[in-house]
Amino acid sequence: MPEPAAISLLRKECRSLHRELERKDTFTKLLKRDVGIDDYISALSVLYRFVSTFESGLLSLVEKTPLSEVYTPRLPLLRADLEELNGVPPVRDDLPHETKSVEEACGFVYVLEGASLGSVIIRRHLKACLGSDLPLRYFGVRCEVPGHWEKVMGQLDAMLADPSSAAKAAKAAAGAFRTLISMDSR
Ligand code: HEM
Numbered sequence: 003m004p005e006p007a008a009i010s011l012l013r014k015e016c017r018s019l020h021r022e023l024e025r026k027d028t029f030t031k032l033l034k035r036d037v038g039i040d041d042y043i044s045a046l047s048v049l050y051r052f053v054s055t056f057e058s059g060l061l062s063l064v065e066k067t068p069l070s071e072v073y074t075p076r077l078p079l080l081r082a083d084l085e086e087l088n089g090v091p092p093v094r095d096d097l098p099h100e101t102k103s104v105e106e107a108c109g110f111v112y113v114l115e116g117a118s119l120g121s122v123i124i125r126r127h128l129k130a131c132l133g134s135d136l137p138l139r140y141f142g143v144r145c146e147v148p149g150h151w152e153k154v155m156g157q158l159d160a161m162l163a164d165p166s167s168a169a170k171a172a173k174a175a176a177g178a179f180r181t182l183i184s185m186d187s188r
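For the sequence shown, position 9 matches number 11 in the numbering used here, and the numbering has no gaps at all.
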């Protein structure tokens, strides 16, 4: 079956940014054999700052659309993992991003839900290196749930049938990747 146009565009706009993200210290350290608990806490803190930038402004819009059937809020999971590890969820000093349109919401859901595809690898590695007691709520969410990503893509495709909507979503998704890339260095 050919790839839906909206998904193709999201992938095209984000592919090289995803590669750039994977090369950032936060994520390369997570996948090293000598990964330490501090590396894990620091990755959770970066992800907490990233998700908190987008999620609060996103949820009110998601709730009014079919995206609510596929999106799982991540912030409570990151907070619980950090707290269990005695890490402190970072306090934001800037305002969260206000999601202005359904198209933008689709772009952010693509990035935030898509992250669970990589979590399969990350979770297995962290468990093997840091033990099976490690709190892994964030890296375990929707991870390895058969058919979930296909459902997300189907929903996005249905909501982004118009090429101009797909372009807006792809721009928002790329912006979210750039935000996370910039957070790695702080
Ligand atoms: C070390 C860190 C990461 C690794 C190793 C990783 C790895 C992967 C892998 C293996 C896939 C599946 C590719 C496929 O099946 O075609 C994927 C997809 C994806 N990842 Fe990551 N990922 C990482 C971090 C992230 C983060 C932090 C985000 C966003 C916050 C993210 C967003 C996405 C998205 C949106 C997709 C879906 C691409 C698509 O199929 O359209 N990833 N990642």
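Built from N, CA and C at the ideal position, the CB exists for glycine as well. Here the structure is a predicted model, which is why all the values come from computation and not from measurement.
Check                                                                                    : Outcome
Closer than 8 Å: Thr-30 CB and nearest the ligand HEM heavy atom                         : yes
For Lys-173 and Phe-110, the rounded distance between their alpha carbons                : 10 Å
Supposed contact pair Lys-129 and Leu-136 - C-beta distance, whole angstroms, cut 8 Å    : 6 Å
Three-state class that DSSP yields for Met-185 in the structure shown                    : helix
Check whether Arg-125 and Cys-108 have beta carbons under 9 Å apart                      : no
Pair within 9 Å by beta-carbon distance, Lys-170 and Glu-115                             : no
Arg-180 versus Gly-59: straight-line alpha-carbon distance, rounded                      : 18 Å
Gly-120 CB to nearest heavy atom of the ligand HEM below 8 Å                             : yes
Pairwise C-alpha distance: Val-122 and Pro-148                                           : 12 Å
Burial state of Asp-41, where buried means 16 or more other Cβ atoms lie within 10 Å     : buried
Stretch pair the region 71-90 + the region 46-63: three plus CB contacts closer than 8 Å : yes
Rounded distance between the beta-carbons of Thr-55 and Pro-98, thought under 8 Å        : 6 Å
Cβ-heavy atom distance, Tyr-140 to the ligand MN, below 8 Å                              : What this structure holds is the ligand HEM, not the ligand MN.
Under 9 Å between C-beta atoms of Val-90 and Lys-153                                     : no
Leu-11 beta carbon near the ligand HEM (any heavy atom closer than 8 Å)                  : no
Beta-carbon gap between Asp-159 and Ile-9 smaller than 9 Å                               : yes
CB-CB length for Tyr-140 against Arg-51, believed under 8 Å                              : Their Cβ separation, rounded to whole angstroms, is 13 Å, which puts Tyr-140 and Arg-51 out of contact at 8 Å.
Range of the contiguous alpha helix (DSSP H) that encloses Arg-13                        : 7-24
Nearest-angstrom Cα separation, counted from Glu-5 out to Leu-162                        : 13 Å
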